[in-house]
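Q:
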Amino acid sequence: MSDIYRQEKNWRNWSWQFANRLRTQADFEKYFTLTDSEKMAFLGKPPFAVAVTPYYASLIDKLNPNCPIRRQAIPLSQELTCGINDLTDPLNEERLSPVDNLIHRYPDRVLLIATEICHTYCRHCTRRRRVGVKKLVISHEQLNNAVAYISSNKQIRDVLISGGDPLTLNDQQLEKIIKAIRDIPHVEVIRIGTRTPVTNPFRITEELVQMLKAYHPLWMNTQFNHYLEITEEAKQACKLLVDAGIPLGNQTVLLRGINDSVEVQKKLVQKLIQIRVRPYYLYQCDLAEGIEHFRTPVALGTEIMESLQGHTSGFAVPSFVIDAPGGGGKIPVLPQYVICQTPKKVVLRNYEGKMFTYPEPNKKWKEE
Ligand SMILES: *Cc1c(COP(=O)(O)O)cnc(C)c1O
């Protein structure tokens, strides 16, 4: 595929990438021989949105049905079946939504759904109940209502603009949202959650970063799930963002058959810090509908954490979290390092499994 498409003169134009996304069985079959399971997923109308930028599709290994890029982009028949534990709204976001497009789960921060559109729809999307369905962009009125809610809740100091993918909006649409939030005096930090550096890196232009850097402090989190996604194009996108002073974090979803090994995760985090992207979260896969085939046992997550902590640069180690089903928020899950804790001492285990004792101070911590 890469040979055919990459000669396209608009290849590096993000709008061209968006407009020419692969969406139907016929689109994919121009370049790939689909497996029976993939074909079955397209029978009738696939239950969840499908669209893949030519760029992201060009990273697929055509000959390998288990290619980690392919498995994130092209649906399998397993998506048609709902597991007994699957939930339409696994994180109970609709109940935690005080006004349209705003999710208020934690006291000091909110998540704003700026759009339900993405450059590429991830097969493992946790918000698939709405993302790519009606393809709505936040309306003027909805934005006003969200801004009014944030304005009247002074404890909100951090606003996370997410979606969908906010970087499917053009610079003007995006700036309107960011500016409205920046104008709220008690909002300290703005964050953008986006997979664009992975799925349409050409969207990160000089003009975009010039606009964004006017609204600091602005942070950004992206989602690299495999080191094969760290291409020259993705590197360049991240460089533009980081050079504009935007700290970049990464949220990886742990996915069966895609990145469910110590080797892949270690290589991923080490490659991320080379492009100045700091691993932030490693997510246990949510209970969204039709994605049970991506789920791994929780013990794999702790095994991966064990293999990273102490074995590689501290800032390359993400936090492994389970976003609690039902809306409890993200809960960190750690390997057991504290072996025993008494008022006099704490017995700890290091990354090599050796035991150490830390004596507590004799002096009382706080006078009664
Ligand atoms: C993940 C999330 C946040 C941000 O959580 P952090 O742990 O601060 O990154 C905020 N609101 C909602 C609804 C979220 O899902």
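To convert, take the position in the sequence shown, counting from 1, and add 96; that gives our numbering. From the three backbone atoms N, C-alpha and C, an ideal C-beta is built for every residue, glycine too.
Quick one: residues with CB closer than 6 Å to any heavy atom of ligand 1, in chain order, please.
A: Residues flagged by the Cβ proximity filter: I199, R201, Y202, R205, L207, L256, K426.
Q: Starting from the N-terminal side, write out each stretch of the beta strand (DSSP E) that is 3 residues or longer and does not extend beyond the region 351-376.
A: Taking only runs of at least 3 residues, no beta strand (DSSP E) segment lies wholly in the region 351-376.
Q: Would you mind reading off the limits of the beta strand (DSSP E) that contains V394?
A: That residue, V394, is in no beta strand (DSSP E); its alpha helix (DSSP H) goes 394-404.
Q: Where R117 and Q380 are concerned, what is the direct C-alpha to C-alpha distance, given to the nearest angstrom?
A: About 29 Å.
Q: Shortest alpha-carbon distance to T301 belongs to which of A333, H282, P431, D204?
A: Measuring from the Cα of T301, the nearest candidate turns out to be A333.
Q: Do you know offhand how far Q361's Cα is from C163's?
A: Approximately 16 Å between the Cα atoms of the pair.
Q: Could you tell me the distance, in whole angstroms, from the CA atom of A503 to the CA atom of E303?
A: There is no way to answer for residue 503, as the model of the chain reaches only from 97 to 464.
Q: Could you have a look at T149 and say whether DSSP puts it in helix, strand or coil?
A: Of the three classes helix, strand and coil, the one that applies to T149 here is coil, per DSSP.
Q: Hey, quick one: how far does the beta strand (DSSP E) through I257 stretch, first residue to last?
A: Element bounds for I257: 254-258.
Q: On a Cα-Cα basis, can you pick out the residue from M307, N181, L256 that is closest to K197?
A: According to the sequence provided, residue 197 is Asn. The question's Lys does not apply to it. When each option's Cα is compared against that of N197, the closest is L256.
Q: Hey, does R372 have any beta-carbon neighbour from chain C nearer than 8 Å?
A: Considering every chain present, this structure includes no chain C. It has just one protein chain.
Q: Quick one, which of V285, R167, Q103 has its alpha-carbon nearest H389's?
A: It is R167 whose Cα lies nearest to the Cα of H389.
Q: Could you pull the start and end residues of the alpha helix (DSSP H) that T292 belongs to?
A: 292-295 is the extent of the alpha helix (DSSP H) around T292.
Q: Helix, strand or coil for C334, going by three-state DSSP, please let me know.
A: C334 falls in the helix class under three-state DSSP.
Q: Quick one: what's got a C-beta closer than 7 Å to M136's C-beta in the same chain, skipping five residues either side?
A: The residues are S173.
Q: Could you name the residues of the same chain whose beta carbon sits closer than 7 Å to that of T438, not counting the 5 residues immediately before and after it, in chain order?
A: None.
Q: Whose CA, out of L263, L183, D185, lies closest to the CA of I213?
A: That would be L263, whose Cα lies nearest to the Cα of I213.
Q: Per the contact definition of three or more C-beta pairs closer than 8 Å, is the region 177-184 in contact with the region 122-140?
A: At 8 Å Cβ cutoff, the stretches do not touch.
Q: Can you give me the C-alpha to C-alpha distance between S111 and P203, rounded to a whole angstrom?
A: Taking the straight line joining both Cα atoms gives about 37 Å.
Q: Are the region 120-136 and the region 305-317 touching, with three or more C-beta to C-beta distances below 8 Å?
A: Not touching, per the Cβ criterion.
Q: Between I273 and R253, what straight-line distance do the alpha-carbon atoms span, to the nearest angstrom?
A: Roughly 16 Å separates the two Cα atoms.
Q: What is the rounded straight-line gap between the Cα of G422 and the Cα of D185?
A: Approximately 8 Å, taken between the alpha carbons.
Q: For H236, which three-state DSSP category applies?
A: If DSSP states are grouped into helix, strand and coil, H236 belongs with the helices.
Q: Go to A122, then tell me how far its alpha helix (DSSP H) extends in each direction, as first and last residue.
A: Taken as a continuous stretch (DSSP letters only), the alpha helix (DSSP H) holding A122 covers 121-125.
Q: May I ask you to verify whether the region 282-301 touches the region 312-322, counting CB pairs closer than 8 Å and requiring at least 3?
A: Yes, since at least three Cβ pairs between the region 282-301 and the region 312-322 fall closer than 8 Å, the two stretches touch.
Q: What span of residues does the alpha helix (DSSP H) with Q168 cover, start to end?
A: Counting along the chain, the alpha helix (DSSP H) containing Q168 begins and ends at 164-169.
Q: Under the three-state reduction of DSSP, which class applies to R201: helix, strand or coil?
A: R201: strand per DSSP, three-state reduction.
Q: With DSSP collapsed to three states, give me the class of L314.
A: L314: strand per DSSP, three-state reduction.
Q: Specify the secondary structure class of F144 as computed by DSSP and reduced to three states.
A: Three-state DSSP puts F144 in coil, outside helix and strand.
Q: Between the Cα of T211 and those of Q238, N241, S415, I234, spot the shortest distance and give me the residue it belongs to.
A: Among Q238, N241, S415, I234, the Cα nearest to that of T211 is on I234.
Q: Roughly how many angstroms lie between the CA atoms of L383 and T222, to the nearest whole one?
A: L383 and T222: Cα-Cα distance of roughly 8 Å.
Q: Quick check on the DSSP output: the alpha helix (DSSP H) that includes L471 runs from which residue to which?
A: Residue 471 lies beyond the residue range present for the chain, which begins at 97 and ends at 464; the question has no answer from this structure.
Q: Counting along the chain, where does the alpha helix (DSSP H) carrying S111 start and finish?
A: From DSSP, the alpha helix (DSSP H) with S111 extends over 110-115.
Q: Would you call the region 234-252 and the region 433-452 in contact, with 3 or more CB pairs under 8 Å?
A: Touching, no, given that fewer than three Cβ pairs across the two stretches are closer than 8 Å.
Q: Assign L159 to one of three DSSP states: helix, strand, or coil.
A: Looking at L159 - three-state DSSP - the assignment turns out to be coil, as it is neither helix nor strand.
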